[in-house]
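Enquirer: Got a structure for you, written out below as structure tokens; questions coming shortly.
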Amino acid sequence: MKPFIVGVGRAGCRLTDLFLKEATGRVHAEGLLVDTEASELAYFSHRNRFLLGKNLLDGNGTGKNVDLGREAMEADSYAIVENIDRVKSSMDAIFVISGIGGGTGGAVDVLIEELQKSYVEPIYSIGILPSQEDPERALMNFAQQFKGIVSHANAVFPVDNDSLKRVNLRGSYSSINNEIARHFRNLFEVGEYRSREELGENVIGSSDIVNTLTGVSSIGIGSLDVSESGGLFGRRDGGADKPGVVVSLTEEATRKMLHDFDVKTAQKALVAVSGPRRYLDFLGSIPARLWLEKHIEGCEVRGGDMPSPRKRLTEVTLVLSGIRKSDRIRHLYHLGKMLKKKGGYSEDVTEIAHAVPGHPDSRFPEEVQRGLRGHKGTGQDHQGERGEGRGGGHHLMVSRME
Ligand SMILES: Nc1nc2c(ncn2[C@@H]2O[C@H](COP(=O)(O)OP(=O)(O)OP(=O)(O)O)[C@@H](O)[C@H]2O)c(=O)[nH]1
Ligand SMILES: [Mg+2]
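Next comes the structure, spelled out in structure tokens:
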């Protein structure tokens, strides 16, 4: 798939820069960096940069104020379209990447709406969820903006910094970004073939991705290093058969998604099995597809094989889409709404520390704290009402977040 990537705000620009700098191998990414802060933009050498809200904010950023971010976006979103037209060659989809808790990154709903008017290609959002280490303002921005982003985009990939970080958030940004890039690179490789030897038995292309993606979505990877001693059969399952390994890697992928949600509530799936050809026998992705059909509610499961002669890994890249239930997102959303109702917010780090789950003086009810820690829910409450908007039924989860 040929993506055009628009990075908005600090998180969005850093991630997009990664994709553009390392657009090697099968992936051909083009993109544009957009920020309200001139000093942040100056950090990148990439020439496709756009200073958002120049007249309104004078290059000084929004100070985490998403209403200002939206105002700047309303004034400039058409100029962003003109910039995209100037630099793009061919693309299958546009990916807008941003931190939803940011004053700038949270304002992407306005941009996505404009992009929908200007392009026939689908518009996807990769949205960083607020972390327990972010200021309260990030949660409030998230609660204000998430629904709008989901309703305007063809699909949204929430990414949970808290589940990807190592020790503390600030020290982990770069490793988290590499991890996010690794997942989306595997997705962008789908349908990009440089030679006959990269064509699998079951071929999938970017139209399969487009037909799969709807509503809240996620990606996970299960991988096995086949260059290690023992190879495919030696390490994981003793004498297991190849279909068994593909199934166990698929299962692993469901446990390593970019945010935590109830896997069985997904409506659609796409699975790509890649690796050295000798490890992709004629069944390829078929066992993964059969396994997924049994483990998710929906029955639309697509799959294909992508032989990669140069890869050391056999990988199962799994996309789940039309997700109906994520306790994690629901808790973040409620927490943000609650803070907003309480009125005002605090930038004082000692106050914020008290809001951190587990802190003895934490001001949040136990139920909310559990959500912040990223615990799985009780598994009750699977029923949702039908949501409005693009894509129809897959907005269930969001429509319940009142
Ligand atoms: N994964 C990841 N997250 C980041 C990175 N930088 C910031 N974030 C997170 O993204 C969210 C938004 O922060 P920023 O990107 O700094 O905000 P912004 O979009 O520039 O908006 P402003 O408030 O106007 O500065 C927060 O939840 C941050 O923790 C990054 O490099 N990687
Ligand atoms: Mg910023």
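Numbering that gives the first Met the number 0 numbers the first residue of the sequence shown as 0 and each following residue consecutively. Where a beta carbon is used, it is the ideal one built from N, C-alpha and C, also for glycine.
Comparing the CB of residue 157 with every heavy atom of ligand 1, is any distance shorter than 6 Å?
Expert: For ligand 1, not one heavy atom lies less than 6 Å from the Cβ of residue 157.
Enquirer: Under the criterion of a Cβ to heavy atom distance below 6 Å, does residue 11 qualify as lining ligand 2?
Expert: No, the beta carbon of residue 11 sits no closer than 6 Å to any heavy atom of ligand 2.
Enquirer: State the DSSP-derived secondary structure class of residue 59, mapped to helix, strand or coil.
Expert: Correct three-state label for residue 59: strand.
Enquirer: Could you have a look at residue 267 and say whether DSSP puts it in helix, strand or coil?
Expert: Residue 267: strand per DSSP, three-state reduction.
Enquirer: For residue 32 versus residue 48, is the C-beta spacing smaller than 7 Å?
Expert: Yes, Cβ-Cβ distance for residue 32 and residue 48 is below 7 Å.
Enquirer: Would you check if the region 314 to 322 and the region 200 to 219 touch, i.e. whether three or more CB-CB distances between them fall below 8 Å?
Expert: Judged by Cβ distances under 8 Å, the region 200 to 219 makes contact with the region 314 to 322, as three or more pairs qualify.
Enquirer: Does the distance from the C-beta atom of residue 11 to that of residue 96 stay below 7 Å?
Expert: In contact: residue 11 and residue 96 (Cβ atoms closer than 7 Å).
Enquirer: Using the rule of at least 16 other Cβ atoms within 10 Å of the residue's Cβ for burial, across every protein chain shown, is residue 293 buried or exposed?
Expert: That one is exposed.
Enquirer: What would DSSP say about residue 304, mapped onto helix, strand or coil?
Expert: Strand, per DSSP.
Enquirer: Should residue 15 be listed as close to ligand 1, given that the test is whether its C-beta is under 6 Å from any heavy atom?
Expert: Not under cutoff, so the answer is no.
Enquirer: Can you tell which of 180, 297 and 243 has its C-alpha closest to the C-alpha of residue 261?
Expert: Of 180, 297 and 243, the residue nearest in Cα terms is 297.
Enquirer: Compute the distance between the beta-carbons of residue 1 and residue 27, then report whether it is under 7 Å.
Expert: Cβ distance < 7 Å, so residue 1 and residue 27 count as in contact.
Enquirer: Return yes when the C-beta of residue 137 is under 6 Å from any heavy atom of ligand 1, and no when it is not.
Expert: Answer for residue 137: yes, Cβ within range of ligand 1.
Enquirer: If we count the other Cβ atoms within 10 Å of its Cβ and call it buried at 16 or more, is residue 41 buried or exposed?
Expert: Residue 41 should be labelled exposed.
Enquirer: Hey, would you say the C-beta of residue 42 is under 6 Å away from at least one heavy atom of ligand 1?
Expert: It does not: the Cβ of residue 42 is nowhere closer than 6 Å to a heavy atom of ligand 1.
Enquirer: Go ahead and pull the three-state DSSP assignment for residue 2.
Expert: Strand, per DSSP.
Enquirer: From residue 151 to residue 114, what distance separates their C-alpha atoms?
Expert: Spanning the two alpha carbons is a distance of roughly 10 Å.
Enquirer: Alpha carbon to alpha carbon, how far is residue 288 from residue 174? Give it in angstroms, no decimals.
Expert: Going from the Cα of residue 174 to the Cα of residue 288 covers about 31 Å.
Enquirer: When the Cα of residue 208 is compared with those of 221, 158, 154 and 159, which residue comes out closest?
Expert: The candidate whose alpha carbon is nearest that of residue 208 is 154.
Enquirer: In chain order, what residues of the same chain have a beta carbon less than 8 Å from the beta carbon of residue 90, not counting five sequence neighbours either side?
Expert: For residue 90, where only same-chain residues beyond five positions count, the Cβ hits under 8 Å are 1, 2, 3, 29 and 120.
Enquirer: Closer than 6 Å: is that where the CB of residue 70 sits relative to any heavy atom of ligand 3?
Expert: Ligand 3 is not part of this structure, which contains only ligand 1 and ligand 2.
Enquirer: State yes or no: is the C-beta of residue 129 nearer than 6 Å to some heavy atom of ligand 1?
Expert: Residue 129 Cβ: within cutoff of ligand 1.
Enquirer: Does the beta carbon of residue 167 fall short of 6 Å from some heavy atom of ligand 1?
Expert: Result no, Cβ not under 6 Å from ligand 1.
Enquirer: From the DSSP output, which residues share a beta bridge with residue 221?
Expert: Answer is 315, bridged to residue 221.
Enquirer: Any chance the CB of residue 98 is under 6 Å from a heavy atom of ligand 2?
Expert: No - ligand 2 has no heavy atom lying nearer than 6 Å to the Cβ of residue 98.
Enquirer: Out of curiosity, what's the CA-to-CA distance linking residue 140 and residue 100?
Expert: If I take the Cα positions, the gap works out to 5 Å.
Enquirer: So is the beta-carbon of residue 172 under 6 Å away from any non-hydrogen atom of ligand 1?
Expert: Yes - ligand 1 has a heavy atom lying nearer than 6 Å to the Cβ of residue 172.
Enquirer: For residue 269 versus residue 313, is the C-beta distance shorter than 7 Å?
Expert: No, the pair does not count as a contact, with Cβ atoms beyond the cut-off.
Enquirer: In or out: residue 342 buried (at least 16 other Cβ within 10 Å) or exposed?
Expert: Burial call: exposed.
Enquirer: Quick one: what's residue 48 bridged to in DSSP?
Expert: Note: residue 48 sits in a beta bridge opposite 32.
Enquirer: Here's the rule: buried if 16 or more other CB atoms are within 10 angstroms of the residue's CB, otherwise exposed. What is residue 381?
Expert: Note that residue 381 scores a pLDDT of 34, beneath 50, so its modelled location is shaky; the value from the coordinates is reported in the next line. When all chains shown are included, residue 381 counts as exposed.
Enquirer: Smallest Cα separation from residue 111: which of 133, 130, 131 and 146?
Expert: Per the Cα distances, 146.
Enquirer: According to DSSP, simplified to helix, strand and coil, what is residue 9?
Expert: Three-state result, residue 9: helix.
Enquirer: What would DSSP say about residue 275, mapped onto helix, strand or coil?
Expert: In this structure, residue 275 counts as coil in the three-state DSSP scheme.
Enquirer: Determine the burial state of residue 170: buried for a count of at least 16 other Cβ atoms within 10 Å of its Cβ, exposed for fewer.
Expert: When all chains shown are included, residue 170 counts as exposed.
Enquirer: Kindly indicate which residue of 265, 178 and 331 has the alpha-carbon position closest to the one of residue 13.
Expert: Among 265, 178 and 331, the Cα nearest to that of residue 13 is on 178.
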